[in-house]
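Using mature numbering (1 follows the signal peptide of the UniProt record, and there is no 0), the letters of the sequence shown correspond one by one to residues -23 to -1, 1 to 85. Working notes, structure below.
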Amino acid sequence: MKTFKKTAAVVLGFAALSSQALAAAPEKDVRFVGDTRFSSFCKAVVMDDVRVLRSSLARNVGRIAASQREVLRMVTSEEGLTCNGASLIEFSVQRDASSVHEFLITRS
């Protein structure tokens, strides 16, 4: 079995905006660097969106592993995907992404 090691680093930057400008401006506080082919996994954590995570799993079937469950195992393994230098599970804790964290813990 091939070892899966991909990194999608997330660089966070915050701008000082007034409350009106913040409401009108799209969220641009995250920038992806490194291997961005897998940035959707980090994006799911940043957004705390299980739907985005499930979509990322489905899109990577055949690229990483043969099923969604195997893709999930690969990206959450010790040698798996990292975001900001942390594993996907650790990153979800750091970002307080409770929905995604719950999904990752129960499914992997």
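Note that CB positions come from ideal geometry on N, CA and C, so glycine has one too.
Per-residue burial, residue i [other beta carbons within 10 Å of its own, 16 or more giving buried]
| i | result |
| --- | --- |
| residue 75 | exposed |
| residue 59 | buried |
| residue 52 | buried |
| residue 48 | buried |
| residue 120 | As shown, the chain starts at -23 and ends at 85. That puts residue 120 outside it, with no answer to give. |
Spatial neighbours of residue i in its chain, beta-carbon cut-off 8 Å, leaving aside the 5 residues before and after
| i | result |
| --- | --- |
| residue 63 | 71 |
C-alpha distance - residue i paired with residue j, whole-angstrom precision
| i | j | result |
| --- | --- | --- |
| residue 22 | residue 50 | 16 Å |
| residue 34 | residue 84 | 12 Å |
| residue 66 | residue 24 | 14 Å |
In DSSP terms, what residue i is bridged to
| i | result |
| --- | --- |
| residue 60 | 63 |
| residue 42 | 38 |
Close-in-space but distant-in-sequence residues of the same chain around residue i (CB under 7 Å, 5 per side omitted)
| i | result |
| --- | --- |
| residue 20 | 29 |
### Task
For the stretch 38 to 48 and the stretch 61 to 79, state whether three or more C-beta atom pairs, one from each stretch, are separated by less than 8 Å.
By the Cβ rule, the stretch 38 to 48 does not count as touching the stretch 61 to 79, because fewer than three pairs are nearer than 8 Å.
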